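The numbering of the sequence shown is our numbering, which starts it at 30 and goes up by one.
All C-beta atoms, glycine included, are put in the ideal place defined by N, C-alpha and C.
The structure presented is a predicted model; accordingly, all values stated were derived computationally and were not measured.
Below is one structure; the comments refer to it alone.
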Amino acid sequence: MTHSYKLVRSRRKSIALTLSLRDGTLTVRAPLRVPLSALERFVDERQAWIETRQKQIRADIESSQRNYDEGEYFRYLGSEYPLVHVDESRKALSFDGEKFVLFRGSRWRAKRLFADWYSSQAKRILTDRTTLFSETWRIPHARIHVRDMKSRWGSCRRDGALSFNVRLVLSPLPVLDSVVAHELAHIVHRDHSPQFWKFASTLCPEIRHHGAWLKKNGHLLVW
Ligand SMILES: [Zn+2]
30 MTHSYKLVRS RRKSIALTLS LRDGTLTVRA PLRVPLSALE RFVDERQAWI ETRQKQIRAD
90 IESSQRNYDE GEYFRYLGSE YPLVHVDESR KALSFDGEKF VLFRGSRWRA KRLFADWYSS
150 QAKRILTDRT TLFSETWRIP HARIHVRDMK SRWGSCRRDG ALSFNVRLVL SPLPVLDSVV
210 AHELAHIVHR DHSPQFWKFA STLCPEIRHH GAWLKKNGHL LVW
């Protein structure tokens, strides 16, 4: 049986499968010298899991399509809040702690308005959390960037500059915190070695659990 996937070879030590949370496509990451037949077998043995997961991702993507209708729910820090339309409002989009309020006349640009709202919340919250943890753990960092990243939740540059995915602000705060811990831990350990994980787990004991949550639910963090 042949499978459809993107193959990325590198100096890694083991084979890993990743499914894109945007469209469910499969990427196989493999060491340089593993023969194709072995890769095919590896994928073959996991075909049932791949198909189940792809179906689930595609169904989730379908159900998270937005029209910005009244009554649709939007995530923020792990909770979901309904959207309400109003005919008069000073702001095009606002959040009152219980619901999102959209000025009806601005509905055509609702996606952009949500993007801007999430972006400003993400900048504030991720900067606050990073500053708090960096002071508590005495790990100095450089600049913080918050962006809409395609495939990562965070990254750490050699100079200590940290980047975070804006969509983290839709996840529960402990999950967001675990990504902050992960990137701060990279300032001390640049790789994903056992030492890195040991250190990262002292900063955030639940880091693996939160990572698994993101893997499972990351594609639902959309607006
Ligand atoms: Zn990492």
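Can you give the Cα-Cα distance for residue i and residue j, rounded to whole angstroms?
{"i": "residue 118", "j": "residue 134", "result": "10 Å"}
{"i": "residue 199", "j": "residue 61", "result": "37 Å"}
{"i": "residue 241", "j": "residue 166", "result": "24 Å"}
{"i": "residue 77", "j": "residue 160", "result": "44 Å"}
{"i": "residue 34", "j": "residue 120", "result": "46 Å"}
{"i": "residue 56", "j": "residue 80", "result": "13 Å"}
{"i": "residue 190", "j": "residue 220", "result": "16 Å"}
{"i": "residue 108", "j": "residue 201", "result": "7 Å"}
{"i": "residue 156", "j": "residue 67", "result": "45 Å"}
{"i": "residue 122", "j": "residue 203", "result": "26 Å"}
{"i": "residue 223", "j": "residue 217", "result": "13 Å"}
{"i": "residue 102", "j": "residue 168", "result": "37 Å"}
{"i": "residue 225", "j": "residue 214", "result": "7 Å"}
{"i": "residue 92", "j": "residue 182", "result": "22 Å"}
{"i": "residue 65", "j": "residue 36", "result": "10 Å"}
{"i": "residue 40", "j": "residue 46", "result": "16 Å"}
{"i": "residue 164", "j": "residue 173", "result": "15 Å"}
{"i": "residue 153", "j": "residue 63", "result": "45 Å"}
{"i": "residue 84", "j": "residue 233", "result": "32 Å"}
{"i": "residue 125", "j": "residue 146", "result": "13 Å"}
{"i": "residue 70", "j": "residue 32", "result": "10 Å"}
{"i": "residue 141", "j": "residue 74", "result": "43 Å"}
Could you check what DSSP says for residue i in three-state terms: helix, strand or coil?
{"i": "residue 46", "result": "strand"}
{"i": "residue 244", "result": "helix"}
{"i": "residue 173", "result": "strand"}
{"i": "residue 39", "result": "strand"}
{"i": "residue 250", "result": "coil"}
{"i": "residue 154", "result": "helix"}
{"i": "residue 24", "result": "The question about residue 24 has no answer here: the residues shown for the chain are numbered 30 through 252."}
{"i": "residue 73", "result": "helix"}
{"i": "residue 33", "result": "coil"}
{"i": "residue 163", "result": "helix"}
{"i": "residue 221", "result": "coil"}
Assuming residue i is part of the alpha helix (DSSP H), what are its boundary residues?
{"i": "residue 86", "result": "76-92"}
{"i": "residue 216", "result": "202-217"}
{"i": "residue 179", "result": "First-last for residue 179: undefined, no H or E at that position."}
{"i": "residue 64", "result": "That residue, residue 64, is in no alpha helix (DSSP H); it is neither H nor E in DSSP."}
{"i": "residue 190", "result": "Taken as a continuous stretch (DSSP letters only), residue 190 belongs to no alpha helix (DSSP H), as it is neither H nor E."}
Got a sec, what are the start and stop residues for the beta strand (DSSP E) residue i sits in?
{"i": "residue 294", "result": "Residue 294 lies beyond the range of the chain shown here (30 to 252); nothing can be said about it."}
{"i": "residue 197", "result": "Note, residue 197: premise wrong, no beta strand (DSSP E); not H, not E."}
Report all residues from its chain with a CB closer than 8 Å to the CB of residue i; omit the five preceding and five following residues, and keep chain order.
{"i": "residue 176", "result": "192, 193, 194, 195"}
{"i": "residue 43", "result": "60"}
Near residue i, what residues of its chain come up, given a Cβ to Cβ distance below 7 Å and the 5 sequence neighbours on each side ignored?
{"i": "residue 236", "result": "207, 210, 211, 229, 230"}
{"i": "residue 104", "result": "199, 250"}
{"i": "residue 170", "result": "159, 163, 189, 191, 213, 216"}
{"i": "residue 89", "result": "248, 249"}
{"i": "residue 87", "result": "53"}
{"i": "residue 239", "result": "203, 204, 207"}
Note down, in chain order, each residue of its chain lying with its Cβ closer than 6 Å to the Cβ of residue i, except the 5 sequence neighbours on either side.
{"i": "residue 97", "result": "136, 139"}
{"i": "residue 184", "result": "192"}
{"i": "residue 114", "result": "99, 131, 133"}
{"i": "residue 38", "result": "59, 61"}
{"i": "residue 106", "result": "202"}
Ranges of the beta strand (DSSP E) found wholly within the stretch 86-150, counting only runs of at least 3: Scanning the stretch 86-150 from its first residue to its last, the whole beta strand (DSSP E) runs of 3-plus residues come out as 102-105, 108-115, 122-124, 129-132.
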